[in-house]
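Mapping of the first sequence onto my numbering: residues 1 to 863, in sequence order. In this text, a Cβ means the ideal position worked out from N, Cα and C, and glycines have one as well. Here is the structure we will look at.
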Amino acid sequence: MDDQYRPDQIEPAAQAWWGAHHTFRALDDDTREKFYCLCMFPYPSGKLHMGHVRNYTIGDVISRFHRMQGRNVLQPMGWDAFGLPAENAAMANGVPPAKWTRDNIAYMRAQLQKLGFGLDWERELATCDPAYYRWNQWFFLRMRERGIAYKKTGVVNWDPVDQTVLANEQVVDGRGWRTGALVERREIPMYYLNITRYADELIEGLEGLDGWPERVRTMQANWIGRSEGVEIRFPHADGKLGVFTTRADTLMGATWVAVAAEHPLAQRAAADDPKVAAFIDECGRGGTTEAELATQEKKGVPTRLTVEHPLTGAALPVWVANYVLMAYGEGAVMAVPAHDQRDFEFARKYGLPIRTVVRAGDGAPLDPDTMEEAFLTKDGVLCNSGKYDGLAFPAAVAAIASDLEAKDCGVLRVQYRLRDWGISRQRYWGCPIPVVHCAACGEVPVPDDQLPVLLPEDLVPDGAGNPLARCKEFVEVACPQCGADARRETDTMDTFVDSSWYFLRFASFGNDAAMVDERAAYWLPVDQYIGGIEHAILHLLYSRFWVRVMRDAGLVPHDEPFRNLLTQGMVLNNIYSRRDDAGRVRYFNPAEVTITRNDRGEVASATADEDGKPVQWDGMGTMSKSKNNGVDPNDMVARYGADTARLFMLFTSPPEQSLEWSDAGIEGAARFLRRVWKMTATHVAAGPVPALDAAALDEAARTLRRRTHETIAKVSDDIGRRYTFNTAIAAVMELLNEMSQFDTSGAQGRAVEREALEAVVLLLAPMVPHACHALWQALGHEGTVADAAWPSVDETALVRDTIELVVQVNGKLRGQVSVASDADRAEIERAALAEPGVQRFLEGVQVRKVIVVPGRLVNVVAG
RNA sequence: GCCGGGAUGGCGGAACUGGUAGACGCGCCGGACUCAAAAUCCGGUUCUGGCGACAGAGUGCGAGUUCGAUUCUCGCUCCCGGCACCA
Numbered sequence: 001m002d003d004q005y006r007p008d009q010i011e012p013a014a015q016a017w018w019g020a021h022h023t024f025r026a027l028d029d030d031t032r033e034k035f036y037c038l039c040m041f042p043y044p045s046g047k048l049h050m051g052h053v054r055n056y057t058i059g060d061v062i063s064r065f066h067r068m069q070g071r072n073v074l075q076p077m078g079w080d081a082f083g084l085p086a087e088n089a090a091m092a093n094g095v096p097p098a099k100w101t102r103d104n105i106a107y108m109r110a111q112l113q114k115l116g117f118g119l120d121w122e123r124e125l126a127t128c129d130p131a132y133y134r135w136n137q138w139f140f141l142r143m144r145e146r147g148i149a150y151k152k153t154g155v156v157n158w159d160p161v162d163q164t165v166l167a168n169e170q171v172v173d174g175r176g177w178r179t180g181a182l183v184e185r186r187e188i189p190m191y192y193l194n195i196t197r198y199a200d201e202l203i204e205g206l207e208g209l210d211g212w213p214e215r216v217r218t219m220q221a222n223w224i225g226r227s228e229g230v231e232i233r234f235p236h237a238d239g240k241l242g243v244f245t246t247r248a249d250t251l252m253g254a255t256w257v258a259v260a261a262e263h264p265l266a267q268r269a270a271a272d273d274p275k276v277a278a279f280i281d282e283c284g285r286g287g288t289t290e291a292e293l294a295t296q297e298k299k300g301v302p303t304r305l306t307v308e309h310p311l312t313g314a315a316l317p318v319w320v321a322n323y324v325l326m327a328y329g330e331g332a333v334m335a336v337p338a339h340d341q342r343d344f345e346f347a348r349k350y351g352l353p354i355r356t357v358v359r360a361g362d363g364a365p366l367d368p369d370t371m372e373e374a375f376l377t378k379d380g381v382l383c384n385s386g387k388y389d390g391l392a393f394p395a396a397v398a399a400i401a402s403d404l405e406a407k408d409c410g411v412l413r414v415q416y417r418l419r420d421w422g423i424s425r426q427r428y429w430g431c432p433i434p435v436v437h438c439a440a441c442g443e444v445p446v447p448d449d450q451l452p453v454l455l456p457e458d459l460v461p462d463g464a465g466n467p468l469a470r471c472k473e474f475v476e477v478a479c480p481q482c483g484a485d486a487r488r489e490t491d492t493m494d495t496f497v498d499s500s501w502y503f504l505r506f507a508s509f510g511n512d513a514a515m516v517d518e519r520a521a522y523w524l525p526v527d528q529y530i531g532g533i534e535h536a537i538l539h540l541l542y543s544r545f546w547v548r549v550m551r552d553a554g555l556v557p558h559d560e561p562f563r564n565l566l567t568q569g570m571v572l573n574n575i576y577s578r579r580d581d582a583g584r585v586r587y588f589n590p591a592e593v594t595i596t597r598n599d600r601g602e603v604a605s606a607t608a609d610e611d612g613k614p615v616q617w618d619g620m621g622t623m624s625k626s627k628n629n630g631v632d633p634n635d636m637v638a639r640y641g642a643d644t645a646r647l648f649m650l651f652t653s654p655p656e657q658s659l660e661w662s663d664a665g666i667e668g669a670a671r672f673l674r675r676v677w678k679m680t681a682t683h684v685a686a687g688p689v690p691a692l693d694a695a696a697l698d699e700a701a702r703t704l705r706r707r708t709h710e711t712i713a714k715v716s717d718d719i720g721r722r723y724t725f726n727t728a729i730a731a732v733m734e735l736l737n738e739m740s741q742f743d744t745s746g747a748q749g750r751a752v753e754r755e756a757l758e759a760v761v762l763l764l765a766p767m768v769p770h771a772c773h774a775l776w777q778a779l780g781h782e783g784t785v786a787d788a789a790w791p792s793v794d795e796t797a798l799v800r801d802t803i804e805l806v807v808q809v810n811g812k813l814r815g816q817v818s819v820a821s822d823a824d825r826a827e828i829e830r831a832a833l834a835e836p837g838v839q840r841f842l843e844g845v846q847v848r849k850v851i852v853v854p855g856r857l858v859n860v861v862a863g
């Protein structure tokens, strides 16, 4: 073998070998134990960045590890190919999104192949392929039949200059990013999927997902946000105003009600009250995001309307308030300023009355005039509440709910924070919604035999509305029911639809007669799903929902799509931007910016290389196309090879942790691989190796052999259970350090070295597959190391005669003792107390207690 | 604002179940090899004091529990992810 490590030669050779032997083609063989390992598929933004490299390397390590454990592994790859960036690119360059997207896919596929990932490319899919998205349409129609898909109005960002709907990302500081115009909120009709029907099941399902990170399960549970409470109806002149509350016990303290600006009562109040109308108008400005709504100053206006308190009959004023969300509950709240902090602040601000109705069990009610914050506890008892006085929370809620129910003014109810999933997008580059609008027949579903509704691929968006709506060939269609002239729906689907079931399609690839087939039953659920923590809620929740709907339609047997989940931390990089006078934003890649740092190491100033003018540092953020802060792996791969890039990415931090990008340390990864290579070359050049006789080892050989098997155990656990690839690599590095100290001239020296070397190659194989492929063959093995069996631990090699224990005095390290590994407590204690370093600290003091932690330490408590 | 997570040497990180803080690597310092450089190899490297043996301090900040806390509890600060039309 070459005694130089040459990744530029061995990497293409290994890849060619795997290609020629179809090593990573997954066979649908249901007699074998399967392992479906899936990384979240990428958006084809143009080129890979280090976040992708990290994600796909982790997936590849896990795939190859399970493959070496003998499992039938499926690791597919595809493209989340619809979406906004393609339209933005089209506006910038005039290239149709279809061409831009397919060019990007070709480029990024080549990048993935260069990195040597063991992917089954025969199953590749792109969500913009009609063969894929036709099933979105087909299943949308099934959902529509089952009442899961339905139509209602929803709020969007409206750019009044471009006359177009903007994504949240396209609204910067309340202005459209292209036009700089102040954005307005608009209500338009949209299709929704009834995910709230599954809310309880989606919460309950989390319990069984013990292969998911606890934090993700918590986030999903909080997102769904189940709360039990009472819907209270306040009678008024034309009906009843419904509000939902979890604190019905405080009903007697309600002093007004507040409704959202979009609420029908607000609209009615505005009709003859210009102040209310002006306020509603004001609420209609700015963005639609919850973050924006939650951080704005809480404001409101009174209306001339009142509602009747359902228990006392008192008239309560109706306010319109900007903090009441139409999307949550009934779009109205009862205000109990004494016992809700937001209401309290609102009352102080507008001089509204405060009425205390809960007191601490052993205290007096707070004085409304002097209290400084709301009294929030549920552990008190009611006061100033007439017949309910003295009741504690649960009894008070029950009594009040029951009285309300008797008056038809309230009912116990469960409310979710989760809202139904709006899937309509007023955009071109997405999956067409298969519906036709007919003057006579109304909304008509496209018949199954006319699917897919093909998206024309030659349009070029210009930022002013959806070009699909201006495309006659697409829009003009005969009504499927009556044949009259009709119009196609021009909204397309949210791209989360595409990603909610792609993992099923990989398992049913090539079937053009059905969305999924029996192969999905074999491969699913995904045994290991790997992707960024940014998808902890939406993508993962939508997928869990979608699969349940497919289950209920009889298409798959599974409840949950992903058995184990590994959420990768974000790879961060600096973000630099510049805003022009109109408020438009442009991002600069960190590679094209020159910075100075202050004495704390933070970015103090930054200028663009192209013009030397200042740019703004926006802190650190996820590498992404939109922030233009990605680092392309090409340079690193060209300079060091794919194996070094992979090794470095794995070694630099554990996968769940977010990572501020830096290539410092890449040299260490390269150096390590060169050492492994050189050691193997030297070993092989020294000729044949005798068979290992474990009984004939000298002390040094026995130690190295023990270290070899300790390393096998450690790496198996780190990869298989802990996913800490950094510590797995560190363990192999330690073994290699020991090997380079080891003298092979003893009787069994070469044999023990051979065993250690083979272990190193096998243990590294999932992480640096090309080098190990070559090394494995150099060590005299046939085939590829990717097909070799994972090494097993020889328990007899792990046995030790003596162990080292640390001795502390009062918790401080004072010495070390070596004891027989089967020494009992008394022996250990005696040895510890006899240790000279320990004795020094025991002079003149009394030993009060000796704590022995077996195998670890002794702590002498003295004083 | 709300939900979730994070913070350890000059840097990335390790310490898995409350038990030796700093494994492994980078960088740096010194040495070997070399005409020289690169590469490679050897040694050192948390901070403070000390020639040294050694001692003291130390895991974002402030409290607490414990024989013992990076790890558990409470209160903060800063950073990251998500907040429903970026994907």
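Check: Using DSSP bridges, identify the partner residues of SER818.; Outcome: GLU804
Check: For VAL809, count neighbouring Cβ atoms within 10 angstroms of its own Cβ and tell me buried if that reaches 16, exposed if not.; Outcome: buried
Check: Would you kindly report the start and end of the unbroken alpha helix (DSSP H) that includes ILE224?; Outcome: 214-224
Check: Could you say which of HIS49, ASP60, THR57, HIS66 lies nearest to PHE35 if we only look at CA atoms?; Outcome: HIS66
Check: How close, in whole Å, do the beta carbons of GLY78 and GLU124 come, if the pair is a contact with beta carbons under 8 angstroms?; Outcome: 6 angstroms
Check: Just tell me which of PRO85, LYS47, TYR522, PRO353 has its CA closest to the CA of TYR428.; Outcome: PRO85
Check: Are the beta-carbon atoms of TRP212 and LEU565 separated by less than 8 angstroms?; Outcome: yes
Check: So, is ARG215 buried or exposed, given that buried needs 16 or more other C-beta atoms within 10 angstroms?; Outcome: exposed
Check: Within its chain, find whatever has a CB closer than 8 angstroms to the CB of ARG848; leave out the 5 residues flanking it on each side and keep chain order.; Outcome: VAL861, ALA862, GLY863
Check: If THR708 and ALA778 are in contact, beta carbons under 8 angstroms, what's the gap, nearest whole angstrom?; Outcome: The Cβ separation is near 19 angstroms, so there is no contact.
Check: Among the residues of its own chain, which have a CB less than 7 angstroms from the CB of LEU209, if the five just before and after it don't count?; Outcome: ARG217, GLU560
Check: Taking TYR192 as the reference, which of THR164, VAL497, ALA167, ALA392 has the closest Cα?; Outcome: VAL497
Check: Evaluate the contact criterion for the segment 101-112 versus the segment 46-62: three or more CB pairs, one atom per stretch, below 8 angstroms.; Outcome: yes
Check: What does the alpha-carbon distance come out to for the pair LEU404 and ARG548?; Outcome: 37 angstroms
Check: Report all residues from its chain with a CB closer than 7 angstroms to the CB of ALA270; omit the five preceding and five following residues, and keep chain order.; Outcome: VAL276, ALA277, ILE280
Check: Given a cut-off of 8 angstroms on the beta-carbon distance, is the pair ILE433 and ASP512 in contact?; Outcome: no
Check: Taking PRO255 as the reference, which of ASN222, SER227, ALA604, HIS309 has the closest Cα?; Outcome: The sequence given here places Thr at residue 255; Pro does not occur at that position. Of ASN222, SER227, ALA604, HIS309, the residue nearest in Cα terms is HIS309.
Check: Using a 10 Å radius around the Cβ and a threshold of 16 neighbouring Cβ atoms, would you call GLU782 buried or exposed?; Outcome: exposed
Check: Please classify TYR107 as buried or exposed, where buried requires at least 16 other C-beta atoms within 10 Å of its C-beta.; Outcome: exposed
Check: Kindly indicate which residue of GLY351, GLY510, LYS47, TRP776 has the alpha-carbon position closest to the one of TYR132.; Outcome: GLY510
Check: Would you call the CB atoms of GLY463 and ASP162 closer than 8 angstroms?; Outcome: yes
Check: Going by DSSP, what residues sit across from ASN72 in a beta bridge?; Outcome: LYS34
Check: Considering only their Cβ atoms, is the gap separating ASN104 from GLY180 smaller than 8 angstroms?; Outcome: no
Check: Rounding to the nearest angstrom, what Cα-Cα distance links ASP29 and PRO557 in this structure?; Outcome: 18 angstroms
Check: In terms of residues, what are the limits of the alpha helix (DSSP H) holding HIS437?; Outcome: Per DSSP, HIS437 belongs to no alpha helix (DSSP H); it is in the beta strand (DSSP E), 435-438.
Check: Within 10 Å of its beta-carbon, does GLY329 have 16 or more other beta-carbons around it, so buried, or fewer, so exposed?; Outcome: buried
Check: From ALA14 to VAL676, what distance separates their C-alpha atoms?; Outcome: 17 angstroms
Check: Curious, which full-length beta strand (DSSP E) runs of at least 3 residues does the segment 412-498 contain?; Outcome: 435-438, 442-445, 476-478, 485-488
Check: Going straight from the alpha carbon of GLY331 to that of LEU376, what length do you get?; Outcome: 23 angstroms
Check: Could you tell me the alpha carbon to alpha carbon distance between PRO368 and ALA261, rounded to whole angstroms?; Outcome: 29 angstroms
Check: Does GLU592 pass the burial test, meaning 16 or more other C-beta atoms within 10 Å, or should it be called exposed?; Outcome: exposed
Check: At the level of alpha carbons, what is the spacing between ALA347 and ALA258?; Outcome: 12 angstroms
Check: Need the endpoints of the beta strand (DSSP E) that MET334 sits in, please.; Outcome: 332-335
Check: Near ASP632, which residues of its chain fall below 8 angstroms by C-beta distance, leaving aside the five closest residues on each side in sequence?; Outcome: LYS47, LEU48, HIS49
Check: Note the first and the last residue of the continuous beta strand (DSSP E) segment covering ASP159.; Outcome: 149-159
Check: Excluding five sequence neighbours on each side, which residues of the same chain lie with their C-beta closer than 7 angstroms to the C-beta of PRO456?; Outcome: CYS471, GLU473, PHE474
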